[in-house]
Ligand code: 3HC
Ligand code: NAI
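Numbering (the numbering used here), first residue to last: 167 to 874.
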C-alpha cells in the first residue's frame with residue numbers, strides 16, 4: 167500500500183507517528199529532488215532534531231517510487247540552495263536514527279539520500295541504482311564516497327559504471343539495504359523496522375564511517391581493471407573515468423576531502439556537452455511516446471497477435487511478442503517455410519540458453535504460446551496481425567486481401583515494410599482505416615526502435631494501439647509519415663550516398679569507417695554494409711534503377727563488389743576481407759584497386775580528406791535530410807529524428823542525435839557547409855527549406871521540439 171497525502175500541498179511533509187517522525191516526499195511523477203524537496207528534507211531533519219518526542223526519522227516516498235533522483239530538468243540552470251550534497255550530509259549528521267524505506271525507484275540522488283540515511287529497508291519491486299553515468303554524470307551527492315564504503319570498491323564501481331538497477335534481494339546481498347520487507351506496504355514495513363531499531367537501541371550509524379571500504383592495495387586491482395575496461399570500450403564518454411577517480415578518492419582521501427573532489431568532478435560533468443546530449447536523449451525518448459493519437463484515442467485491446475512470414479523479421483517479431491507474454495500465430499507459405507520460421511524462433515531461444523540467460527523450461531513456456539499454420543483462417547481470432555513477407559507490393563497486397571477475408575473487424579492490420587507505400591497497401595482493401603505500419607529493426611527482438619508509420623486513412627485508435635503495443639514490447643515508438651524509407655531509412659540513404667561520394671572523391675572506405683567510428687558510432691557505414699550483406703542494398707538499387715534521376719550522382723563501387731559475389735561477412739569478403747569465422751575485417755588491396763578504377767571511370771581526380779572533413783559531410787547530409795523529413799511532417803519534430811537515429815542506427819547517444827548535434831555545432835555553420843558542398847554537386851546538396859528558415863530567423867531545431 168502507498169500512503170496518500172493528497173490533502174497536503176507541500177512536497178515534503180513530516181508528522182509524528184508515535185515516537186517516529188514520518189517524512190513523506192510527494193513530488194509527482196517520480197519524487198525528483200527539486201529545490202523544494204531538498205529544502206523540505208532539510209527542514210524535516212531539523213524538525214526531528216528539535217522535537218524531543220521524535221526518537222527516529224522514517225523517510226518514504228508517496229506514489230509509486232521512493233525518489234527517482236535529482237530533478238533532471240534543473241540541470242544547466244542556476245543552482246539553488248540547498249544543494250543535494252548538503253541535504254545528504256544533513257541527513258547523515260542527524261543525531262537520531264534515520265531510516266529510509268524504499269519502494270519503486272531509489273535512483274541516483276534518491277539512492278544517495280538512502281545511503282546518507284542510517285538504516286535502509288526495501289520491499290519487493292524496489293529498483294535501486296546509481297544511473298548517473300547514463301546522463302553523462304556521476305553520483306554527485308556523496309554516492310561515490312558512500313557507496314564504496316558501504317558495499318566495497320568493486321561492487322560500487324560496477325553499479326556506477328553500468329548504471330544498472332538492482333532489486334531488493336540483490337540490494338540486500340550487496341549490503342545496500344539492511345532488510346527486505348515481508349509485504350509491499352512500505353509505510354507499515356518502514357514504521358515496524360524503525361520501531362524495532364528503537365527497541366533495540368540501535369545507534370546512529372553513518373555510512374561515512376562504514377568499514378566496507380577495501381583500503382589501499384586491495385582496491386587497486388578493481389580500480390585499474392575499471393580504468394582498463396573503460397579504455398578498451400573507448401566510447402569516448404567523459405564521466406566513467408571520473409567515476410573511477412572519485413572512487414579512488416574515496417579510498418585515498420578523508421571523507422570530507424573526497425566529497426569536495428566528487429563535487430568538482432560532478433560539476434565538470436554537468437557542464438560537459440555530453441551531459442546535454444544524454445539528457446536530451448532521455449527526455450526525447452519519453453516525449454516520442456506521446457503521439458497526438460495517444461492523447462485522443464483509446465487503444466484497442468491486444469491479447470493475441472498473428473505474424474505473417476517467418477523469415478528474419480517475422481521470427482524476430484514473434485520472439486518480441488512472445489517475450490512480452492502475447493500468444494503468437496505464425497502464417498507461412500508452406501509447411502517447409504513454416505518449419506523454418508519456427509526453427510528461427512527456437513534458434514533465438516537456444517542462443518539465450520547457450521549463454522545461460524534462459525532455461526529449457528522457460529523456452530518451453532514461451533513456445534507453448536506459439537502456434538503456426540499455413541492457413542490464414544488461423545488468424546480469425548487475432549487482435550492484430552503483423553505482416554513481414556517479401557518486400558514486394560504484389561505479394562503484400564495478396565497477403566492483405568487474405569487478412570481482409572479472415573480477420574475480425576476490430577483487428578489491427580500492420581505491415582513491417584521497409585520502403586513500400588503503405589497508403590497503397592491500405593487502399594487495396596476495404597478497411598484502410600485498420601492498416602498501420604509497424605517498422606521493426608533487425609534483430610526485432612533486440613532493437614529498441616519501432617517506427618509507427620501512419621498512413622492517411624488510418625483510424626487514430628489503430629495508431630494508439632500501435633503505441634500501446636510498443637509499450638508492451640518495451641520498444642521506443644517513433645511516429646512517422648509515409649514516404650520512401652520513412653524517417654530512418656530515408657535519412658540513411660542520403661548519408662550513405664554522401665559516404666559513397668566521399669569514397670569516390672578520394673577517402674578510402676576504411677578511413678570513412680574509422681572517422682565515423684571515432685565520432686562515436688559502433689561501426690562505420692561499410693562495416694555495417696558488410697555485416698548486413700551487400701546483396702540486400704544491391705537488390706534495392708537494381709529495383710530503383712529505372713526511377714533514379716539520371717542526373718543524380720551514382721557511385722558504382724558497391725555494385726562492382728556485388729558483381730564479384732562479395733557481399734560482406736557472409737561471403738568472407740566485401741569492403742573488408744574476413745578470415746574464416748572472423749567478424750573483424752582487414753583492408754583489401756583488391757577493393758582499393760576497384761575503387762581506383764571506378765574513380766578513373768568516373769573521371770574523378772582523388773583528393774585527400776581529413777577525418778573532420780569526412781564527418782562534416784556525413785553529418786551535413788544527415789542533418790539536411792533530417793530537416794527535410796521534419797519540413798514534410800514525416801517526423802513530428804527534430805527530436806523524433808534524434809530518437810530514431812540513436813535507437814535504430816547507432817548514432818552516438820552522448821551527442822543527443824543528429825539534430826541536437828546540429829544545434830551544438832550551430833545551424834548557420836551546418837548551412838554554410840552545405841552551401842559550400844552545393845557548389846560541387848547542386849543536385850545532391852540542396853539546402854533544406856527548414857534549415858534555411860531556421861538560420862534566417864536565428865532559431866535552432868530545439869525551438870521546434872515543443873510544437874508537436
Ligand atoms: N527528474 C525529472 N523528471 C524525471 C526524472 C528526474 N530524475 N525521472 C523521471 N522524470 C519524469 C520523466 O521525464 C517523465 O516525465 P513526463 O511524464 O513529463 O514525460 C515522468 O517523470 C515519468 O517518467 P517515466 O516515463 O520514465 O516513468 P517510469 O515509471 O517508466 O520510470 C523512473 C520511472 C525509473 C524513475 C525513470 O523515470 C527513470 O529512470 N528516471 C531517471 C532516473 C535517474 O537517472 N536518476 C538520476 C538522476 S541524476 C542524479 O540523481 C544526480 C545526483 O547524483 C546528484
Ligand atoms: P525474409 O526473406 O527473411 O522473410 C520473408 C518470409 O516471408 C519468408 O520466410 C517467406 O517464406 C515468407 N513469405 C513470403 N510470401 C509469403 C506469403 N504470401 N505468405 C506467408 N509467408 C510468406 O525477409 P525479411 O528480411 O524478414 O523481411 C520481411 C519484411 O520485413 C520485408 O518487407 C522487409 O522489407 C522488412 N524489413 C526487413 C528488415 C531486415 O533487416 N531484414 C528490417 C525491417 C523491415
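Using N, Cα and C, we set each Cβ at its ideal position, and we do this for glycine too.
- Between residue 448 and residue 238, the C-beta gap is smaller than 8 Å, which places the two residues in contact.
- Residue 695 and residue 740 do touch by the CB rule: their CB atoms are close to 7 Å apart, below 8 Å.
- Annotation: residue 629 to residue 703 spans about 30 Å, alpha carbon to alpha carbon.
- Residue side-chain check: residue 642 keeps its Cβ at 7 Å or more from all non-hydrogen atoms of the ligand 3HC.
- Around the beta carbon of residue 775, 16 or more other beta carbons lie within 10 angstroms, which makes this residue buried.
- In this structure, the beta-carbon distance from residue 363 to residue 244 does not fall below 8 Å.
- The Cβ atoms of residue 632 and residue 643 sit closer than 8 Å to each other.
- Excluding five sequence positions before and after residue 213, the CB atoms of its chain that fall closer than 8 Å to its own CB belong to 180, 187, 220, given in chain order.
- Contact check for residue 428 against residue 310 passes: the beta carbons are separated by less than 8 Å.
- Distance from the CA of residue 790 to the CA of residue 445, rounded to the nearest whole angstrom, comes to 23 Å.
- Around the C-beta of residue 693, 16 or more other C-beta atoms lie within 10 Å, and the residue is accordingly described as buried.
- Our two residues, residue 600 and residue 625, have alpha carbons roughly 6 Å apart in a direct line.
- Secondary structure at residue 527: helix, using DSSP grouped into helix, strand and coil.
- Rounded to the nearest whole angstrom, the CA to CA distance from residue 547 to residue 572 is 9 Å.
- Approximately 3 Å separates the beta-carbon atoms of residue 306 and residue 432; this is inside 8 Å, confirming the contact.
- At least one heavy atom of the ligand 3HC sits closer than 7 Å to the Cβ of residue 237.
- DSSP lists 294 as the bridge partner or partners of residue 332.
- Per DSSP, residue 181 lies in no alpha helix (DSSP H); the unbroken beta strand (DSSP E) holding it starts and ends at 178 to 183.
- By the CB criterion at 8 Å, residue 438 and residue 808 fall outside the cutoff.
- Here residue 316 is near residue 281, since their CB atoms are less than 8 Å apart.
- Of 394, 440, 465, 850, the smallest CA-CA separation from residue 665 is found for 850.
- In the three-state scheme derived from DSSP, where H, G and I count as helix and E and B as strand, residue 469 is classed as coil.
- Residue 370 sits away from residue 469, with the two beta carbons spaced by 8 Å or more.
- Residue nearest to residue 640 within the set 673, 709, 606, 672 is 606 (criterion: CA-CA distance).
- Contact between the segment 243 to 262 and the segment 450 to 459 is not established, with fewer than three Cβ pairs separated by less than 8 Å.
- Not one heavy atom of the ligand 3HC falls within 7 Å of the beta-carbon of residue 433.
- Placement of the Cβ of residue 332 at a distance of 7 Å or more from every heavy atom of the ligand NAI is found.
- Sorting 587, 804, 207 by C-alpha distance to the C-alpha of residue 648 places 587 at the top.
- When DSSP states are grouped into helix, strand and coil, residue 605 belongs to the strand group.
- Residue state for residue 536 is assigned as strand, using DSSP reduced to three classes.
- Between residue 416 and residue 297, the gap from beta carbon to beta carbon reaches 8 Å or more.
- Contact check between the segment 508 to 519 and the segment 547 to 556: fewer than three CB pairs, one atom from each, fall below 8 Å, which does not count as touching.
- Apart from the 5 residues on each side of it in sequence, residue 500 sits with its Cβ closer than 7 Å to the Cβ of 540 in its chain, given in chain order.
- The three-state reading of DSSP puts residue 653 in coil, since its state is none of H, G, I, E or B.
- Your pair residue 854 and residue 794 checks out as a contact, with CB atoms roughly 5 Å apart and the cut at 8 Å.
- Judged by their CB atoms, residue 198 and residue 234 are nearer to each other than the 8 Å cut-off.
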